[in-house]
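Colleague:
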Amino acid sequence: MHRVSSRPWFGLMLISVGLLAVAGRAEERTPRQLFDDGVRLLFAGQPAESARDFDALVAARPELEPQLWQRGLALYYAGRFADGRRQFEVHRGANPADVENVTWHFACVARQEDPAAARKALLPVGEDDRVPMREIRALYECQGTAAQVLAAAEAGPEGARRNQLCYAHLYLGLHAESSGDMETAKKHIVLAAGRYSMDHFMGKVAQLHAKLRDWDVPTQE
5 MHRVSSRPWF GLMLISVGLL AVAGRAEERT PRQLFDDGVR LLFAGQPAES ARDFDALVAA
65 RPELEPQLWQ RGLALYYAGR FADGRRQFEV HRGANPADVE NVTWHFACVA RQEDPAAARK
125 ALLPVGEDDR VPMREIRALY ECQGTAAQVL AAAEAGPEGA RRNQLCYAHL YLGLHAESSG
185 DMETAKKHIV LAAGRYSMDH FMGKVAQLHA KLRDWDVPTQ E
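Position one of the sequence shown corresponds to residue 5 (the numbering used here), numbered consecutively onward.
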């Protein structure tokens, strides 16, 4: 997922050594092809097929598993919550200061068991200084509110607010969905996918979420 460093928000973490071809028959896909196919299928609205390609990638190159937060997203949307939970737990070892990893792990546990179990199993996380990750973390820890998340996202440089609000509404929506409040989840996800849409990986995840839930997103002028 996102490594807290100078890298751009949610750039694809593709370690070059992990993209070398696997020796074998010519018809076998390389790790890079499996990764690319997994991402393509995810955004095509086929998370089960996406997850299978990521599974094949892990089978071919198990040392890459800690990096594959994208696999965790596919597993969540495929309804493989126990596998998604494990993926985000493994990813924490590679990226211990990523609040987003905490939220997706929470969502998997909540869907696998219940929100109370998800709160008990909440992953520890280091300092993530991206706005509004501090407030999102507090919300998932039951120490903050949705209003505080939105207030943080609406502050700061004007040029950053749309991106901040996209993330804010995505994770408010995921939190609501994890708690079984689908009406609130829909409200926030539709905002992340529509009014505050962004053309980066997680912005596209918000759009995918709305698509898979069959939630209409108003056309933006």
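Quick reminder that beta carbons are idealized off the backbone N, C-alpha and C, glycines included.
Are P248 and G184 closer than 8 Å when you measure CB to CB?
Modeller: Absent from the model: residue 248. The displayed extent of the chain is 5 to 225, so no value can be given.
Colleague: Thinking just about the alpha-carbon of each residue, which of V153, H173 and T188 is nearest to the one in I270?
Modeller: Since the first residue shown for the chain is 5 and the last is 225, residue 270 is missing from the structure and cannot be characterised.
Colleague: Can you name the start and end residues of the alpha helix (DSSP H) that A189 belongs to?
Modeller: M186 to A197
Colleague: Taking all protein chains shown into account, do 16 or more other C-beta atoms lie within 10 angstroms of the C-beta of P35, making it buried, or fewer, making it exposed?
Modeller: buried
Colleague: Report the rounded CA-to-CA distance for L195 versus Q74, giving the unit in angstroms.
Modeller: 22 Å
Colleague: Consult DSSP for Y171 and reduce its assignment to one of helix, strand or coil.
Modeller: Residue state, collapsed to three classes: helix.
Colleague: What's the C-alpha gap between R166 and E67?
Modeller: 36 Å
Colleague: State the DSSP-derived secondary structure class of E181, mapped to helix, strand or coil.
Modeller: helix
Colleague: Taking 8 Å as the threshold, find out whether the region 119 to 134 comes into contact with the region 149 to 163 through three or more Cβ pairs.
Modeller: no
Colleague: Could you say which of D40, V113, L46 and E69 lies nearest to N99 if we only look at CA atoms?
Modeller: E69
Colleague: Looking at L72: is its Cβ nearer than 8 Å to the Cβ of L46?
Modeller: No. Outside cutoff.
Colleague: Run through DSSP, which three-state label would P35 get?
Modeller: In the structure shown, P35 sits in a helix (DSSP, three-state: H, G or I).
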